[in-house]
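Its first residue numbered 94, the sequence shown is counted upward by one per residue in the working numbering. For every residue, glycine included, the Cβ atom is placed at its ideal position computed from N, Cα and C.
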Amino acid sequence: MVSVRKLIAGNWKMNGLSNQIVEAVTVAEDLARNPPKVRVAICPPTILVHRIAERLARTIVEVGAQDLHGEAAGAFTGDTSGEMLHDAGARVVIIGHSERRSLHYEDDAVVSGKVNAALRAGLEPIICVGERLDHREAGQALEVVSHQLMHSLPMSLDGRAFVVAYEPVWAIGTGLTPTLEEIANMHRAIRDLLVERFSNGAARPILYGGSVKPSNAQDILHTQDVDGALVGGASLLAKDFLPIIRAAE
Ligand code: PEP
C-alpha cells in the first residue's frame with residue numbers, strides 16, 4: 094500500500110486583518126518546538142499572503158492562496174495570477190472551493206483551467222469537490238463528485254503534486270458532517286478514480302473538509318482513505334488549529 098503524507102490546510106476565507114498574522118506565527122512556533130509528521134499549510138486572504146509568507150519563511154508551515162486567475166498577467170482588473178501568488182511566497186492554492194463555484198459561478202471547466210494555471214506558476218493545487226444536500230438526499234453524491242472530478246482534474250496533473258479536498262457543500266460552516274462511513278465511502282471512490290486516471294493517483298492526498306474542529310478531528314482524520322483536512326473556521330485561531338494538526342498524527 095502506498096503511504097500518503099497527510100496535509101492539514103487552513104482556509105481563512107475572507108477573514109483576518111493585520112492582527113490575525115500572529116495566529117499563523119503562533120502555529121509555526123508551536124510546531125517548531127515539536128515538529129509534526131504531517132504537512133501544514135495556511136491559506137490567508139490574498140492581501141496577507143506576502144506578509145505571512147515572510148513571517149513563516151524557514152518554518153514548516155507552508156503558505157497558500159484561496160484562488161487564482163487562469164492567466165499569468167493582463168487586463169483582468171482586481172484579479173491575481175498564480176505567478177504573482179508564487180512570487181509573494183505562496184506554494185499551494187485552493188481551487189474550486191464551493192464558495193467560488195456558487196458565488197463566482199466557477200464551473201468544472203473554469204476549475205480545470207485554474208489547475209493548469211497553478212501548475213504553470215509552480216503552485217500545488219488543492220482541488221475541491223463536493224455534493225449539495227439535495228444531491229446526497231437523492232442518493233447522487235458519488236455520481237456528482239465523480240463527475241466533478243472527471244471534469245475539474247486535467248490530465249496535465251499526471252505525475253504532478255496535487256491534492257483533492259472532498260467538501261460536502263452542506264457540511265461547510267454548518268457544524269454538520271457526514272458519518273464516518275459516508276466519508277470513507279466517498280474517499281474510497283475518489284481514490285479509485287485517481288488511481289484509474291493518474292500514474293501517481295495512489296499517492297495523492299485526499300482531504301476531508303466541512304466543519305472539522307478539535308472535537309471531531311481525531312475520528313475524521315483516522316478514517317480510512319482520509320489523508321488530512323481542509324479546515325475553515327477552526328483554522329483562524331491557533332488554539333483550535335493546533336489540536337487538529339496534532340490529531341492527524
Ligand atoms: C472550508 O472553508 O473549506 C471549510 C471546510 O470550512 P469549515 O471548516 O468552516 O466548515
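Buried or exposed, going by whether 16 or more other CB atoms sit within 10 Å of the CB of residue i?
i	result
Leu72	This structure gives no information on residue 72, because the portion of the chain shown stretches from 94 to 342.
Gly189	buried
Arg98	exposed
His315	exposed
Val259	According to the sequence shown, residue 259 is Tyr rather than Val. Result: buried.
Val185	buried
Pro128	exposed
Lys130	exposed
Met177	buried
Leu141	buried
Ala168	exposed
Asn112	exposed
Arg132	buried
Verify whether the separation of the beta carbon atoms of residue i and residue j is less than 9 Å.
i	j	result
Leu124	Gly321	no
Gly157	Ala102	yes
Glu192	Leu330	no
Ser195	Ser245	no
Asp318	His280	yes
Val288	Leu250	no
Thr272	Ser304	no
Asp285	Lys306	no
Val256	Pro218	yes
Arg229	Asn293	no
Ala210	Ala165	yes
Glu275	Ala234	yes
Val154	Ala134	yes
Leu242	Ile283	yes
Gly302	Leu323	yes
Val83	Leu335	Coverage of the chain is limited to positions 94 through 342, which leaves residue 83 absent and any answer about it impossible.
Need the endpoints of the alpha helix (DSSP H) that residue i sits in, please.
i	result
Leu226	Leu226 to Glu230
Glu274	Leu273 to Arg290
Glu217	From DSSP, Glu217 is part of no alpha helix (DSSP H) but of the beta strand (DSSP E) over Glu217 to Val222.
Ala134	Per DSSP, Ala134 belongs to no alpha helix (DSSP H); it is in the beta strand (DSSP E), Arg132 to Cys136.
Ala310	Pro307 to Leu314
Gly206	Asp201 to Ala214
Glu155	Note, Glu155: premise wrong, no alpha helix (DSSP H); beta strand (DSSP E) at Val154 to Ala158.
Ile265	First-last for Ile265: undefined, no H or E at that position.
Val120	Ile114 to Arg126
Asp180	Gly175 to Ala181
His244	Ala234 to Ser245
Ala146	Thr139 to Leu149
Express the C-alpha separation of residue j and residue i in angstroms, rounding to a whole number.
i	j	result
Leu216	Met107	21 Å
Asp172	Ala183	16 Å
Leu161	Gly232	33 Å
His179	Val222	24 Å
Ser328	Ser239	28 Å
Thr139	Gln159	7 Å
Arg290	Arg144	38 Å
Ile265	Asp227	15 Å
Lys225	Pro298	Per the sequence presented here, residue 225 reads as Arg, with Lys not at that position. Those two C-alpha atoms are separated by around 22 Å.
Ser308	Thr170	42 Å
Tyr198	Gly109	24 Å
Arg126	Thr152	11 Å
Leu149	Ala202	34 Å
Would you give the residue range spanned by the beta strand (DSSP E) that residue i belongs to?
i	result
Leu100	Leu100 to Asn104
Val257	Val256 to Tyr259
Leu323	Gly321 to Val324
Leu196	Leu196 -> not in any beta strand (DSSP E); alpha helix (DSSP H) instead, spanning Ser191 to Leu196.
Gly302	Ile299 to Gly302
Val185	Val185 to Ile188
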